[in-house]
Every structure is written in structure tokens, then in C-alpha cells.
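Engineer: Encoded as C-alpha cells, here's the structure I'll be asking about.
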Amino acid sequence: MNIQTTDHVTHPTGVLYTRCTVDLKTGKYDIVDIPCRNLEDVLGGFGRSFQLLANRSVDKAYSLENPLIVNTGLLTGSCTMTGLRTYFSGYSPIKASLQGLPAAIWSTGSGKFGAKFKWTGLDELVIENRSLKPVYLVIKHTADGPLPVLKPADHLQGLTTHEKIMRLQTDYENAHFAVIGPGGENWQNVFMGSVALSTENQLRSGEDKCRFAGRGGMGSLMGYKNLLALVAQSPDQVKPLSDAVKRVNINVVKGGGSARLQPIKRGGGGGTWAAYDVLQPFHAVPINNFRPAGNRLPEKLFRENVEKEYYVESAACFRCGITCHNNILAKNSDGSRGEFLAKFDYEPLNLLGTNLGIHDAGQVASLIRLVDNYGLDAISTGVTVAYVLSYNERHSQQPILNGASFGDFSKIRDLIVATGNGQLPEIGHGCMRLSQQTGETSYAYHVKGLELAAYLPETNPGYAWAIAGGHMSMGTYGMLIREGKSDVDSWVTAITKDKLQIVGFDMIGLCKFFDIVNGIGTEMVVDSLKSQFGLSLTEQAIKDAVYRAFLRGLLLERKQGYGKGEYVLPPEVTELPNQALKTPNITSHQFFKELSNRVWQIFDRDMQALAKAEMI
Amino acid sequence: MQVTIRLHGVFRIDRFKEKTIDCPSGTQIRDIVEQLNLPANLLGTILLNDSFRDGDALLKDGDTLVLLPILEGG
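Chains as they are written, first to last, in my numbering: chain V, 1199 to 1814; chain R, -14 to 59.
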């Protein structure tokens, strides 16, 4: 970023970002500095990319008009802790309106690729058209600025995500990588391909420890473009910490925001895996396609039980003090660390474990690793497989696919392998399309075409307004169980004001664990921006920018044909209330209708005002 | 009076899963939290007889108190 102003709220054009556009058809590229239109452009991520997407007319995700936008946030690669995010945006192969038009989507992950990308001198990469042959793109930092070079990628074809990264590492020193797996390569039959991002730990240890931008099929879009990998090659450019940023980082590590995610041995809660312990007393851990039965089966994957047989190791991203990862390793006979098996985060653990009726930690670890290696979104894959199992349970005489049932590890594994190899479009195209084929849509757990995360919709009606999938673009998933809120007033305020602020992290370059409850409109972020860029911002100005970016997301959904009737939860939730849940019912027809009416009153008013102001 | 306390997640480490304790009338939930030395920054949901409450609530004989760590997404 080239910052020539301290007042970029009223003078955003005084901040310029560097965009490289690469045409995969011609191999040509150009690099330009572009003045920011508004604070959303300055912050970056989807705040900027969605403004570009809004100006495109795209009726098929797999079309030459659909760009893949790779960008960073203002704090990516900065000294502010967790500043490692890379964003991938485009029109989604998997998320689509009932009119069949693709939705705009972004997906994000950490790892070190984002920082390296920023350090090459680029803020944004727009990939146009598609290549006729498999290629990868190297962006190299040079004395004259960033230099992009396209190279043949035949040698990378068919390799897993981890194999691609390790292969590229042999050719590029001081570089990090963003790659797709066989899932993305088989884009015709896989709409849920992820992008894997390399980590320092992975490159150093050789262990399979990528991070993933999973949601929305950005890996499949990359596959369609025949772009198998990105390489960002640059020396590290870590600057000395200012006192202000030191204070911020200490607050991130020791403040309340990340306490739950810190390792248990440091007095923390033990990462996202610990959600199991909190949800189970309410019988709210998804099991067998989001239908908990009030039993104790989820407890088999409680950490205390897994630790009896496996070694659990805490780890962190590059220069991050939160240490939220829980790596599962085999335990040697003397109790020491054995082979790395998988990383247990709540979402993949549940959606590839308990929600499939699999309660053995070793089996779940192998499925997580399989999905990661194939470069599939763990959430979309797990939920769509759960739909298949649920269908087969209801139609035991005429099951679909290989007849897999809940808990049948071997057959479930076969389904995932076949999906990753592009042999099962029924799963690869996601549960919305599969349920439309079977005619049984009520228990397909998606909203607006994108599979739900591992929080029961009965506890989170806010899902309906999430714009980039599940809970991470609408932070209402803890409103009921964490905050005990079951009144419409609280939910309207949360959805339209407070909890949508979570998407600010998908602009600025920070991980949500920086301060997941409060978002980015905080003193910590204000101090970071002032200290590192000389920018003077208020907390409210940041919140306003996040809100406008969110509204643009809703406007883009409308542009792509979404009607209000699609902002709903899976019908089973209302039609067949789960009596096993020990939570107040906040998804009755009456509750949701009132919530929806009131939420839309606010969003409609503000979307109209924004559209008028920008003449959308 | 007697109150039954159930702990979940990391709160069980070096403590207990469920225990019935004696406590004087006028005891608030926060008194129990302090007594058990539960880290304040990890305390999330508090259920008193299956209803959501905060630390100010007074306990009475026969109550069941459930203390859960804070829920964070991921």
C-alpha cells in the first residue's frame, strides 16, 4: 500500500493499492497502483474484492468472465499478531441462488503465503480468463517491484495439496505457496475445492500442516482456470515492533479475547475443539446430520477421552502467540510423540466425525487428513456426506451411492476418496443440488446453497444472513448457548449490528481469534493502524466500513437472484423440532418470521441508502 | 443449604465433575466461582436449574449450578 494521507476516511484516494492483473489466456500481465475509493478499499479483503465483483456480470461460475481475486488486508504481513490472512474471492461454483446464478464469495486462510505475497509488493492479484494447459504462477519480489511469471504445471498435476507444496519448495527458496488438490483439479465434478496455504511448520518439518481457505469452492475456480498453484517468493520483511503494537500483541495473547483458544497448559481453554464440552450439556453437538438424540456419544471425542490414546500437541501460526492448533499425533508406547495424524479443529472434527456417526478419534483424523489432502472444504464435504447417510437411513431398501450408513467408516472413506477424485458429482456438487435431485430438501443442511458449519441451526437463526458461509460471516453462533439470548430484540440487534462485525476480519488481514467477540472496530486495531501506517481512524469509522461491506454482500446476493424466501434455515428445523435439545426454541415458524421481518426492515432500508449513494 | 455443582470442560481439571456442597444462605454464584478458583476469563455460560443466569444470582437450598467455559467458534 502506498499511503499518502493520514485522513483516508475523507480522502481515501490518498491511499493506493498495487494490483496485478494476469490474463491466463494470453499470459500477459499488468501492474498498477489504484487509488482507494473508500475505507473498505483501504482495509482490503472482501471489502475491496466485492466492489470489483459487483461490476461484473457473471451467470456461471465456470466462465471466462469470472475472475479469481487473491488479495490481502491492510494488516496482512504487518507486526500485528495474527496478520497472516490471504483472501480468495470470485463467483462461487457451489453457492448459488435458486435461479441458478452463482453467488459472490470470499474464503480466507492463514499460513505464511499472505505475508509473503504482501512482501512481494502486491496487495491484490486478479486472475482473468483461463489457461489451456495447467500452469502455476510465481510472483517474485525484485528490486524493480513484483514480477509475475507463469510456468507449466504438468509435474504438479494429481499431487495432493501437501505434495504440491513440498514439491514446489524444492524449486523455490524463501517462498510460500497456495495450491489446490485433486479436488480443485476435478472442478467439473467438485464444486467445493479448497485452497491450501503453506505454513512455516510444514516447510520445516515436512509434516502435513497446511492451512485452508475452504469455503465457497475457490479451489475449484482455480482448477477451472487451470491454475494449480501460486508461489510468493520474497525475503521476510518483518519490521521492528513499536511500543503500541507490542501492547496490542500482549493484549491479544493475554487479554480475554483469545483465552479460550490458548493451550490448556497455559491456562487457556484448549482451542476450538473445546466447543464440544460446552455444547454437549445442551445436547447441541451435531450428530448424524445435525440431529442430536440426547445421548452421550459426542463425549467420545472429548479431548479428555482422545488424550487417553493419542498425543495432543499445541501449535501456532507464524509469529502468533495464540497457539490455537491442536495437533493429534500417535502416542508411542512410552507416551512420547509419534507420527502426526491431523489437526483437530471443532468444525472438521465434528463434521467428519460425530456428525457422520464416527466417534473414533483415529478414524476421524484419517478423514480430516484425506479431505485436506484432496483439497476439499471439510465443511461442505462433511455436510454433504451426512446428507447421503441421512437419506440412506430413511431409504434403507433403496440407498444411494455406495449405501453408506452413519458410522460406516470404510464406506464413508470411499465416498470421500471418490469425491476427491472427481468420480462423485453427487457429493462434489454439494448438498443443495443433491437434495434437489432426490427431492428431499428438508434435511439438506445448507443456507443459500452453502453447507452449514457445526453449530445447530436451532441455536443460530443468524445463519440465514451469513454471506460467506456458516458462522464465520455472521457471528451469532454463540448467542443462545454462550449468551443465553432467546428474545427477538437481541437477535435483531445481533444480526443487523453487532455480530455481523465479525466479517471485518475478512477485510483487514487479521484472524478472527484476534478479538472474535468485538470485531475490528476496536482500540487495538486503531492503535495498530496509527502506529504502523500513521492512519488516524476512529472505531466507529471502521465499524461503518464493515457494515457497508456487509451490505454490499447482501446487494450482490440480490443481484445474483436471491429472494428473501432463500434466507431461511433447513426446513426440518422448523417442521420437526428436535425435542432432545435443551435450549429455548428460537427457530419456530413464528419466531423466525418476526425475526426475518424486522431484520429485513433494517437491511432493506440501509441497502437502499447505500445503493442510492453508490448508484448500484 | 446444599447446592449441587456441575463443571464442564477444562473446569474439571484438578477439580470435579459434580459435587454437592454446603454453603451459607446469601451465597451468590460468583462466590462459588471464586471458591473454586475458576479463571474469570474462561467462564462462559452459567446455568442455574437449567436457566441462564449471571454471577449475581443468589443460590438457594437444592439448586443445581452448571458452570461452562466460554464458547468460541472456529
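Even glycine gets a Cβ: it sits at the ideal position worked out from N, Cα and C.
It should be emphasised that the depicted structure is a prediction, and the values quoted were computed from it without experimental measurement.
1. Determine which residues share a DSSP beta bridge with V/Asp1228 and list them.
2. Measuring only between beta-carbons, confirm whether R/Leu56 sits less than 9 Å from chain V.
3. Run down chain R in chain order and give the residues with a C-beta less than 8 Å from the C-beta of V/Val1476.
4. Could you check whether the Cβ of V/Gly1412 sits closer than 9 Å to any Cβ belonging to chain R?
5. Quick check: the Cα distance between V/Glu1545 and V/Leu1266, rounded to an integer number of angstroms?
6. Distance cutoff 9 Å, beta carbons only. Does V/Ala1662 sit that close to anything in chain R?
7. Does the distance from the C-beta atom of V/Leu1650 to that of V/Gly1628 stay below 9 Å?
8. Can you tell me whether V/Phe1712 is helix, strand or coil according to DSSP?
9. Please confirm if R/Asp35 has its CB atom under 9 Å from at least one CB of chain V.
10. Do you know how far the Cα of V/Ala1739 is from the Cα of V/Leu1632?
11. Checking contacts by CB at 9 Å: is R/Ile(-2) closer than that to chain V?
12. In angstroms, rounded to a whole number, what distance separates the CA positions of V/Arg1535 and V/Pro1496?
13. Cβ of V/Asn1156 within 9 Å of Cβ of V/Val1333?
14. With distances taken Cα to Cα, identify the nearest neighbour of V/Gly1466 among V/Ser1578, V/Val1443, V/Ile1520.
15. Let me see if you follow: with CB-CB separation under 9 Å, is R/Pro24 close to chain V or not?
16. Could you run through the stretch 1563 to 1580 of chain V and flag, in chain order, every residue whose CB is less than 9 Å away from some CB of chain R?
17. Could you name the residues of the same chain whose beta carbon sits closer than 8 Å to that of V/Thr1772, not counting the 5 residues immediately before and after it, in chain order?
18. Got a sec? Which residues, its chain only, sit under 8 Å from R/Val18 by beta carbon, not counting five neighbours each side?
19. Under a three-way DSSP split, which group does V/Tyr1509 fall into?
20. I need the boundaries of the alpha helix (DSSP H) containing V/Thr1772, first residue and last residue.
21. Does V/Phe1748 come within less than 9 Å of chain R when only Cβ atoms are used?
22. At the 9 Å Cβ level, is V/Phe1703 part of the contact set with chain R, yes or no?
23. Under 8 Å, with one C-beta from each stretch per pair, do the stretch 1683 to 1691 of chain V and the stretch 1490 to 1506 of chain V reach the 3-pair mark?
24. Classify V/Leu1632 as helix, strand or coil using the three-state DSSP reduction.
25. Does the CB of V/Gly1467 have a neighbour CB from chain R at under 9 Å?
26. Quick one: give me the first and last residue of the beta strand (DSSP E) that R/Gln(-13) is part of.
27. To the nearest angstrom, how far is it from the Cα of V/Gly1620 to the Cα of V/Asn1384?
28. What are the partner residues of V/Tyr1334, as DSSP defines its beta bridges?
29. Identify, in the order they occur along the chain, each residue of the same chain with its Cβ nearer than 6 Å to the Cβ of V/Asn1486, setting aside the five sequence neighbours on each side.
30. Beta-carbon of V/Ile1665 versus every beta-carbon of chain R: anything under 9 Å?
31. On the DSSP bridge list, what partners appear for V/His1339?
32. Is it a yes or a no for the stretch 1405 to 1425 of chain V touching the stretch 1363 to 1381 of chain V, going by three-plus beta-carbon pairs under 8 Å?
33. Could you check where the alpha helix (DSSP H) with V/Asn1446 kicks off and where it finishes?
34. Taking Cβ positions, are V/Glu1656 and V/Asn1783 nearer each other than 9 Å?
Structural biologist: Reading from the atomic positions:
1. Position 30 of the first sequence, counted from the first residue, corresponds to residue 1228 of chain V. For V/Asp1228, which the question treats as bridged, DSSP gives the partners V/Thr1219.
2. Residue numbering aside, residue 56 of chain R sits at position 71 when the second sequence is read from its first letter. Cβ-Cβ to chain V under 9 Å: yes for R/Leu56.
3. Within the first sequence, numbered from 1, the residue matching residue 1476 of chain V stands at position 278. Ordered by position in chain R, the residues that pass the 8 Å Cβ test against V/Val1476 are His(-7), Gly(-6), Gly29, Thr30, Leu53, Pro54, Ile55, Leu56.
4. Counted from its first residue, the first sequence places residue 1412 of chain V at position 214. No, V/Gly1412 does not count as interfacial toward chain R.
5. Along the first sequence, one-based indexing puts residue 1545 of chain V at 347. Along the first sequence, one-based indexing puts residue 1266 of chain V at 68. Rounded to the nearest angstrom, the gap between the Cα atoms of V/Glu1545 and V/Leu1266 is 26 Å.
6. As a position in the first sequence, residue 1662 of chain V is number 464, starting the count at 1. Residue contact check for V/Ala1662 against chain R: no CB pair falls below 9 Å.
7. Your numbering for residue 1650 of chain V matches position 452 in the first sequence. Your numbering for residue 1628 of chain V matches position 430 in the first sequence. In this structure, V/Gly1628 does not lie closer than 9 Å to V/Leu1650 by Cβ.
8. Along the first sequence, read from residue 1 onward, the residue named residue 1712 of chain V stands at position 514. Residue state, collapsed to three classes: helix.
9. For the purposes of this step, residue 35 of chain R is identified with residue 50 of the second sequence, where counting begins at 1. At least one chain V Cβ lies under 9 Å of R/Asp35.
10. In the first sequence, counting from the first residue as 1, residue 1632 of chain V sits at position 434. In the first sequence, counting from the first residue as 1, residue 1739 of chain V sits at position 541. Those two C-alpha atoms are separated by around 43 Å.
11. Mapped onto the second sequence, residue -2 of chain R falls at position 13. Chain V contact via Cβ: present.
12. Walking along the first sequence from the start, residue 1535 of chain V turns up at place 337. Walking along the first sequence from the start, residue 1496 of chain V turns up at place 298. In a straight line, the C-alpha of V/Arg1535 is about 25 Å away from that of V/Pro1496.
13. Residue 1156 of chain V lies beyond the stretch modelled for chain V, which goes from 1199 to 1814, so this question has no answer here.
14. As a position in the first sequence, residue 1466 of chain V is number 268, starting the count at 1. Among V/Ser1578, V/Val1443, V/Ile1520, the Cα nearest to that of V/Gly1466 is on V/Ile1520.
15. Counting from 1 along the second sequence, the entry for residue 24 of chain R is found at position 39. Interface residue, yes.
16. none
17. Residue numbering aside, residue 1772 of chain V sits at position 574 when the first sequence is read from its first letter. Once the five neighbours on either side are set aside, the close Cβ partners of V/Thr1772 are Thr1785, Ser1786, His1787, Phe1790.
18. Looking up residue 18 of chain R in the second sequence gives position 33. Cβ within range, chain order: Ala25, Leu28, Gly40, Leu52.
19. Translated into positions along the first sequence, residue 1509 of chain V becomes position 311. V/Tyr1509 carries a strand assignment under DSSP once its states are collapsed to helix, strand and coil.
20. Start at 1 with the first residue of the first sequence, and residue 1772 of chain V comes out as number 574. Its alpha helix (DSSP H) spans residues 1769 to 1773.
21. What you label residue 1748 of chain V is simply residue 550 of the first sequence in a count that begins at 1. Chain R contact via Cβ: absent.
22. Position 505 of the first sequence, counted from the start, is the residue given in the question as residue 1703 of chain V. No, no contact with chain R.
23. no
24. Taking the first sequence and counting its residues from 1, one reaches residue 1632 of chain V at position 434. Three-state DSSP puts V/Leu1632 in a helix.
25. For this step, residue 1467 of chain V is matched to residue 269 along the first sequence. Yes, V/Gly1467 lies at the interface with chain R (some Cβ there is under 9 Å from its Cβ).
26. Taking the second sequence and counting its residues from 1, one reaches residue -13 of chain R at position 2. Unbroken beta strand (DSSP E) run through R/Gln(-13): -13 to -8.
27. The residue given as residue 1620 of chain V occupies position 422 in the first sequence. The residue given as residue 1384 of chain V occupies position 186 in the first sequence. For V/Gly1620 and V/Asn1384, the distance between alpha carbons rounds to 5 Å.
28. Within the first sequence, the letter at position 136 stands for residue 1334 of chain V. According to DSSP, V/Tyr1334 bridges with V/Lys1349, V/Ala1427.
29. If you number the first sequence from 1, residue 1486 of chain V lands on position 288. Result list for V/Asn1486: Gly1555, Phe1604, in chain order.
30. Here residue 1665 of chain V is taken as the residue at index 467 of the first sequence, counted from 1. V/Ile1665 does not count as touching chain R.
31. Locating residue 1339 of chain V in the first sequence gives position 141, where the first residue counts as 1. BP columns for V/His1339 point to V/Pro1344.
32. A contact exists between the stretch 1405 to 1425 of chain V and the stretch 1363 to 1381 of chain V.
33. In the first sequence, counting from the first residue as 1, residue 1446 of chain V sits at position 248. A small correction: the amino acid at residue 1446 of chain V is Val; Asn does not occupy that position in the sequence shown. From DSSP, the alpha helix (DSSP H) with V/Val1446 extends over 1441 to 1452.
34. Within the first sequence, residue 1656 of chain V is the residue found at index 458, counting from 1. Within the first sequence, residue 1783 of chain V is the residue found at index 585, counting from 1. In this structure, V/Glu1656 places its C-beta atom within 9 Å of the C-beta atom of V/Asn1783.
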